[in-house]
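In the numbering used here, the protein residues as written are 3 to 291.
If you want it as structure tokens, here you go:
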């Protein structure tokens with residue numbers, strides 16, 4: 003069939019636009035340009051508003067999460083996934099990843115502390131995590147809450163790899179900023195000393211207020227063979243966090259069989275949706291009727 007022809011009754015060929023989504027570009031007060039991807043439910047919002055998921059590296063994973071949520075939230079009584087708003091924070095590029103993520107997701111490190119680049123090259127700029135967090139807190143969140151009915155008590159942040167490291171940095175230093183934290187294949191080795199030191203201080207932060215947070219740590223089984231030891235570091239941190247279960251921290255660790263650092267993303271996203279949008283407990287598996 004000619005690429006310009008269509009079957010009888012079908013729509014003309016053209017670029018696909020995912021239903022219920024929009025994209026906008028914003029310039030932060032710090033002068034950096036971001037691309038925000040938003041997915042919003044077509045249902046009427048509950049009285050408290052919709053849960054919201056703030057998704058890092060949106061250029062690579064927004065479509066996967068938005069479609070997974072759109073399909074699964076049709077039958078929340080079966081899937082355990084309720085309708086929610088997704089706010090993907092990405093960059094003005096059509097590539098899946100931008101070098102700017104290195105600055106946004108990391109705390110300041112000296113050259114001697116950085117891992118060795120696998121190709122011997124210099125790493126991109128590092129150390130802008132505080133500015134990026136301020137952008138989310140003071141610019142992105144207020145805009146989202148102005149434009150959509152959001153339940154501020156059900157906010158999630160999702161990150162993978164360096165994005166997972168960023169999620170953990172927020173959890174350990176600002177645990178009250180989100181209700182749910184999802185760190186997939188987190189690059190703890192990038193700043194292991196900082197994560198360990200802040201984890202030791204977590205008990206003090208918990209005692210300062212009535213904290214109620216949920217944390218999902220996850221990695222792919224194949225990652226165990228890499229020298230970065232991502233699954234091992236993530237599981238060790240899970241052991242630390244699970245000790246605070248009686249103090250308002252709900253922690254879970256998942257390791258996905260047969261998956262690597264990138265291939266883990268689709269299965270992690272599906273698991274994360276059930277984790278953050280069904281916080282009451284295990285979901286009821288779907289069974290065709």
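Cβ coordinates follow ideal geometry from the N, Cα and C atoms, glycine included.
Check, Outcome
"At 4 residues or longer, and completely inside the segment 136-219: list those alpha helix (DSSP H) runs for me, N to C.", "143-149, 164-175, 194-202, 204-210"
"Using DSSP with H/G/I as helix, E/B as strand and the rest coil, what is residue 95?", "coil"
"Rounded to whole angstroms, what is the Cα-Cα separation between residue 243 and residue 251?", "7 Å"
"Return the first residue and the last residue of the alpha helix (DSSP H) that residue 240 is part of.", "232-244"
"Could you say which of 98, 200, 144 lies nearest to residue 162 if we only look at CA atoms?", "98"
"Classify residue 188 as buried or exposed, calling it buried when 16 or more other Cβ atoms lie within 10 Å of its own Cβ.", "buried"
"Do the segment 211-221 and the segment 171-184 touch if we need at least three Cβ pairs shorter than 8 Å?", "yes"
"Between which two residues does the alpha helix (DSSP H) holding residue 270 run?", "266-279"
"Thinking residue 90 and residue 57 are a contact (beta carbons under 8 Å), I'd like their distance in whole angstroms, please.", "4 Å"
"For a minimum of 4 consecutive residues, which ranges assigned as the alpha helix (DSSP H) are wholly contained in the segment 25-111?", "60-74, 78-81, 102-107"
"Would you decide whether residue 62 is buried or exposed? Buried here means 16 or more other CB atoms lie within 10 Å of its CB.", "buried"
"Rounded to the nearest angstrom, how far is the Cβ of residue 131 from that of residue 160, given a contact under 8 Å?", "In fact, because the Cβ distance is near 16 Å, the residues do not count as touching under 8 Å."
"In whole angstroms, what is the alpha-carbon distance linking residue 1 and residue 272?", "Since the first and last residues shown for the chain are 3 and 291, residue 1 lies out of range."
"Hey, is the segment 219-226 in contact with the segment 256-276, meaning 3+ C-beta pairs nearer than 8 Å?", "yes"
"In the DSSP output, what is residue 23 paired with across the bridge?", "41"
"For residue 194, I'd like the list of residues in its chain whose CB is within less than 8 Å of its CB, leaving aside the five on either flank, ordered along the chain.", "235"
"Using C-beta distances below 6 Å, list every residue in its chain close to residue 29, excluding the 5 sequence neighbours before and after it, in chain order.", "35"
"On the DSSP bridge list, what partners appear for residue 255?", "219"
"If you draw a straight line from the alpha carbon of residue 95 to that of residue 203, how long is it in whole angstroms?", "38 Å"
"Put residue 16 into one of helix, strand or coil per three-state DSSP.", "coil"
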